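If you're matching them up, the sequences are chains A and B in order. So that you can map any letter, position 129 of the first sequence is 528 in our numbering, and since no number is skipped, the others follow by simple counting. So that you can map any letter, position 46 of the second sequence is 57 in our numbering, and since no number is skipped, the others follow by simple counting. Note that beta-carbon positions come from the ideal geometry of N, C-alpha and C, so glycine has one too. Since the structure is predicted, the reported quantities are computational estimates derived from the model, not experimental observations.
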Amino acid sequence: MRRSILSAVLVPLVALASPLRAEGPLHVDITQGVASPLLIAVPDILSGSIPDVAGGEDAGAALAKIVRADLVSTGLYRLVPFDGHYAIADEIAFAPFARAGAQALVIGRARPAGNNLLAYDCALYDVFGAHVEASQRIIVATAQWRRAAHKCADMVFAFTTGDPGHFDTRMLVAAQDGAIPGQRTRLVSMDYDGANPTELTQGKELVATPRFGPGSRRIVFLSYVDAAAPRLVVADLDSGSTTALKLPAGVPSAPRFSPDGATIVFSLAYDGDADIYAVNLASNSVRQLTSGAGTDTSPSFAPDGSAIVFESNRSGDSQLYVMAPDGSDQRRVSFGAGGHASPVWSPRGDLIAFTQIDGGALRIGIMKPDGSKERILTSGSRDEDPSWGMSGRAIMFQRTAAGAMLPTIWLTDLTGKVQQPVATGAAASEPAWSGKRP
Amino acid sequence: MAGLSIRQRTNLADMIRSQITPCWNPPQAEDNSGHVTIVMRIRLGRDGGVLGTPALSRIGGQTAANGAYANALAGSVRRAILRCAPLRLPPELYDAWADVELNFDPRDIS
């Protein structure tokens, strides 16, 4: 009985609703897409030669070349080739780029801006809508002209991925001249792509494990002025000042800054046992975070400072553990094949990069902080020491080719499909990748 | 238009979806990107071309943490619509597809 009353009420309602809904817009749900690289064109916009820029080459063409290299290195873009070029005053026609399949177009116009300055007007266009999606006037000193291209690529990356770009950044490496590993290492700072190298130490002392603090100004490294007693040294790259940290007895290694830059965590070996310690840089107070048997080393903070991942062989082989910043709540997170070493927490917080030790081979891998979704990205015979770009979308690492004595620096995306060597000049190891430059 | 059956409307929606899906290249979502959806309202000419600029009507799931991702997603949606235009749709039903609301939801992106 109830049922028939209900139907009687419902029928007229449905009849009423249909024509009303039909008068609104046609509604379409789209829940699938194609996750493929963005097709992008970065044509040369000729500016002519600009003093102190690109060694007298056409500045616009040189800058466009750097923007292309930056974007392609991420694996997130595919370049649409464009034969020919524009002059700086030319109107850009979108049709040829649309026909070539480009979805996005980057136009950069370089001009001298007086007082040894370079102005680079960088714009990202939507080819089909023919409108500007993002644009920026970039001003840099002519001596730092390459930064204009990196900043332009950073803008394109940020707008199309939602993550900050990692192109206008620096890298630290331990560069080696000698044929024997460890001989005459110099600390060298350079752009992330290997350009503009600056020697920070002169090769009189051995240096190891350079690391950046937040940003790109402060660094910490291990100095072997006295080879038997290495020290942790904090340096300010702007002022050139250095401070050797006062630490308890033992051999320090594997230093790394906390995300706020106030603390350095490191491993200290004493009497055959290595544990993790933290030193507060303002008060110089030192706190022991781990204890007990086994070597605990390579601590790395989560970007929000809420946890530390580190490597320990307490269970037999090297594995990764996570603990609270005060050392409490230690738990193992790596359970994939082989050993796991030198963990580094991504600046996005969502992944941990590490070196996998499997049957004598070393490879770079990533996993979620709980150890799930482990993926091995590289396939060299000896790939180690991962370092994240600030985008959280690229990793720099050290590769020693089979049969080679000395390592080189390589860059990989998070799929492992796009890998390339970084032009560091001499052999180099232990890359450290900076955060945002001022 | 008033006489359009539900089946006809569903077919039209399928035709639009199948033409726009291959053009949509959304940014890669990460754990902290959340579940963002973008609703765009477009008006189409009789030739299937987009009239004016596609208007963003709603963003769902945007938080303080994923604003940049949401912007990148909105950019990918706008490019998808413009890249696929003109849409090929039955001219005799133009009144039914002159005004379209597209709900982009990246939930099934692999």
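- Taking a 10 Å sphere around the C-beta of residue 624 (chain A), we find fewer than 16 other C-beta atoms and assign the residue as exposed.
- The three-state reading of DSSP puts residue 554 (chain A) in helix, counting H, G and I together.
- In the three-state DSSP reduction, residue 32 (chain B) falls in the helix class (H, G or I).
- Boundaries cannot be given for residue 491 (chain A), as no beta strand (DSSP E) includes it and DSSP labels it neither H nor E.
- As for any beta strand (DSSP E) of minimum length 3 sitting wholly inside the segment 615-701 of chain A, the runs are 617-623, 630-635, 641-643, 650-656, 662-669, 672-679, 685-687 and 695-700, ordered along the chain.
- In this structure, residue 821 (chain A) lies near residue 593 (chain A), with their beta-carbon atoms less than 7 Å apart.
- Per the DSSP secondary-structure output, residue 536 (chain A) pairs in a beta bridge with A:520.
- Considered as a whole, the segment 53-87 of chain B harbours 61-71 as its complete beta strand (DSSP E) runs of no fewer than 3 residues, in chain order.
- Within its own chain, the residues whose Cβ lies closer than 8 Å to the Cβ of residue 91 (chain B), once the five positions on either side in sequence are excluded, are 31, 34, 35, 36 and 115, listed in chain order.
- Near chain A, meaning a CB-to-CB distance below 7 Å, the residues of the segment 13-36 of chain B are 13, 15, 20, 23, 24, 27, 28, 31, 32, 33, 35 and 36.
- Under the three-state reduction of DSSP, residue 466 (chain A) is assigned to helix.
- At a cut-off of 7 Å between beta-carbon atoms, residue 721 (chain A) makes no contact with chain B.
- Three or more pairs of CB atoms, one per stretch, sit closer than 8 Å, so the segment 686-695 of chain A contacts the segment 713-729 of chain A.
- Not flagged as an interface residue toward chain B: residue 718 (chain A), since no C-beta distance is shorter than 7 Å.
- Rounded to whole angstroms, the Cβ separation of residue 449 (chain A) and residue 476 (chain A) is 27 Å, and the two are not in contact under 8 Å.
- DSSP, reduced to helix, strand and coil, places residue 114 (chain B) within a strand of the structure shown.
- For residue 720 (chain A), the enclosing beta strand (DSSP E) stretches over residues 718-722.
- DSSP places residue 107 (chain B) outside any beta strand (DSSP E); the residue lies instead in the alpha helix (DSSP H), whose first and last residues are 105-108.
- Counting along the chain, the unbroken beta strand (DSSP E) around residue 795 (chain A) starts and ends at 793-798.
- Taking a C-beta cut-off of 9 Å against chain B, the contacting residues of the segment 538-563 of chain A are 557, 558, 559, 560, 561, 562 and 563, listed in chain order.
- Contacts with chain A (Cβ-Cβ distance below 8 Å) from the segment 96-115 of chain B involve 96, 107, 108, 110, 111, 112, 113, 114 and 115, listed in chain order.
- The beta-carbon separation of residue 54 (chain B) and residue 109 (chain B), rounded to 6 Å, stays under the 8 Å limit for a contact.
- Against chain B, the CB of residue 626 (chain A) has no partner CB under 7 Å away; the residue lies outside that interface.
- For the pair residue 802 (chain A) and residue 780 (chain A), the Cα-to-Cα distance works out to about 10 Å.
- Rounded to the nearest angstrom, the gap between the Cα atoms of residue 612 (chain A) and residue 837 (chain A) is 13 Å.
- Per DSSP, reduced to three states, the secondary structure at residue 44 (chain B) is helical.
- Per DSSP, the beta-bridge partners of residue 476 (chain A) are A:437.
- Remark: three or more beta-carbon pairs, one from each stretch, lie closer than 8 Å, so the segment 555-563 of chain A and the segment 76-90 of chain B are flagged as touching.
- Annotation: Cβ neighbours of residue 118 (chain B) in chain A (cutoff 8 Å, chain order): 430.
- With fewer than 16 other beta carbons inside 10 angstroms of its own, residue 816 (chain A) counts as exposed.
- In this structure, residue 825 (chain A) sits near residue 576 (chain A), with a CB-CB distance shorter than 7 Å.
- In the three-state reduction of the DSSP assignment, residue 562 (chain A) falls in the coil class, being assigned neither a helical nor a strand state.
- Neighbours of residue 79 (chain B) in chain A, taken as residues at a C-beta separation under 9 Å, are given in chain order as 557, 558, 560, 561, 562 and 563.
- In the three-state reduction of the DSSP assignment, residue 19 (chain B) falls in the helix class.
- Residue 619 (chain A) is positioned such that its CB atom lies no closer than 7 Å to that of residue 675 (chain A).
- Secondary structure at residue 594 (chain A): coil, using DSSP grouped into helix, strand and coil.
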